[in-house]
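Residue numbers (the UniProt record's numbering): 9 to 293.
Report on the following structure.
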Ligand code: FAD
């Protein structure tokens with residue numbers, strides 16, 4: 009029964025929250041109020057994304073250090089090898105380590121238009137980080153296959169390569185096809201990946217933006233999802249309720265399938281993520 013299910017989940021679920029560096033003062037206020045609200049849920053860690061241009065990169069460094077210093081939360085910067093030399097990456101990693109940062113989300117990064125340098129793959133970055141210090145390292149996985157991968161199998165082998173290079177956590181791209189995620193999780197296990205395949209959960213408050221993101225990332229938008237957002241282009245309130253309801257259904261089914269860790273793409277807002285966690289039994293102590 010639903011009663012039993014809620015009781016079973018209580019205290020069993022770990023959550024982490026992803027933020028992006030704010031671009032102006034107003035966004036900075038929103039970010040900090042979200043961080044303070046979500047902090048009460050005792051996340052395992054929070055992470056901050058890393059952009060393709062240098063201004064945003066500096067902001068990632070400072071937001072991460074501030075979160076760590078002001079809240080005591082475990083704050084994990086995302087880091088990419090775009091436009092940086094191995095020496096610069098080592099310096100960044102060492103600086104993080106010296107500031108008490110112990111977890112990093114290691115990525116190749118999206119290749120900017122016109123970029124001609126040889127890509128520094130995530131597996132290369134994981135090995136580089138391992139050579140600097142004993143970080144906890146998360147890497148990205150793609151249940152629906154990374155758009156540039158030669159095949160699903162090649163992409164899976166790449167994930168294994170990242171683990172073999174020293175990564176110990178996996179976070180997925182957002183998705184809506186749960187059966188596909190479960191098959192992907194099985195395939196990861198069958199190739200010897202024993203890290204949890206932590207689902208990345210995106211509460212969809214802006215369906216039009218999702219359509220653009222989905223096209224770029226190779227993530228399928230199922231028909232049921234599109235139907236849910238029909239006629240709501242001008243209705244943010246209802247879209248938010250739909251977003252919470254869809255994400256909740258997903259985490260409920262996933263948790264029944266034994267998923268214990270969830271990573272939320274918060275888009276720097278706390279309301280929906282907070283409500284979803286509350287219903288999952290993740291609450292202030
Ligand atoms: P990789 O694992 O290096 O793989 C990239 C592609 O290259 C894959 O298709 C892979 O199969 C292929 N490949 C890998 N190694 C080789 C090889 N040796 N030879 C040939 N092909 C190879 N982007 C940002 O810019 N900033 C962020 O903060 C950020 N955060 C993210 C967080 C999560 C949880 C996720 C899922 C993605 C994030 N991204 C971010 C996006 C990510 O950078 C892109 O998806 C990027 O295109 C791939 O990064 P990766 O780390 O998965 O790359």
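Glycine included, every Cβ here is placed at the ideal spot set by N, Cα and C.
On a predicted model such as this, the values are computed, not experimentally measured, just so you know.
Which of helix, strand or coil does DSSP assign to residue 199? Coil.
Ignoring anything shorter than 3 residues or poking outside the segment 70–155, list the beta strand (DSSP E) runs there in chain order. Within the segment 70–155, the complete beta strand (DSSP E) segments at least 3 residues long are 83–88, 111–115, 144–149, listed from N- to C-terminus.
What residue from 238, 80, 189, 255 has the CA that sits closest to residue 211's CA? Nearest C-alpha to residue 211: 255.
N- and C-terminal bounds of the beta strand (DSSP E) containing residue 24: For residue 24, the uninterrupted beta strand (DSSP E) run begins and ends at 22–27, by DSSP.
Verify whether the separation of the beta carbon atoms of residue 314 and residue 189 is less than 8 angstroms. Since the first residue shown for the chain is 9 and the last is 293, residue 314 is missing from the structure and cannot be characterised.
Would DSSP call residue 209 helix, strand or coil? Residue state, collapsed to three classes: strand.
Regarding residue 156 and the ligand FAD, is the C-beta to nearest heavy atom distance less than 7 angstroms? Because some heavy atom of the ligand FAD lies under 7 angstroms away, the Cβ of residue 156 counts as near it: yes.
Return the CA-CA distance between residue 108 and residue 56, expressed in angstroms with no decimal places. Straight-line Cα distance between these residues: approximately 16 angstroms.
Give a yes or no on whether the C-beta atoms belonging to residue 173 and residue 138 are separated by under 8 angstroms. A contact, by the Cβ cut-off of 8 angstroms.
What does DSSP give as the partner residues of residue 178 in its beta bridges? According to DSSP, residue 178 bridges with 147, 205.
Just to confirm, are residue 130 and residue 148 a CB contact at a threshold of 8 angstroms? Contact flag set, yes.
How would you write the range of the alpha helix (DSSP H) that residue 263 sits in, first residue to last? It spans 244–264 - the alpha helix (DSSP H) in which residue 263 sits, taken as one unbroken run.
Rounded to the nearest angstrom, what separates residue 185 and residue 219 at their Cα positions? Using only the alpha carbons, I get a separation of about 15 angstroms.
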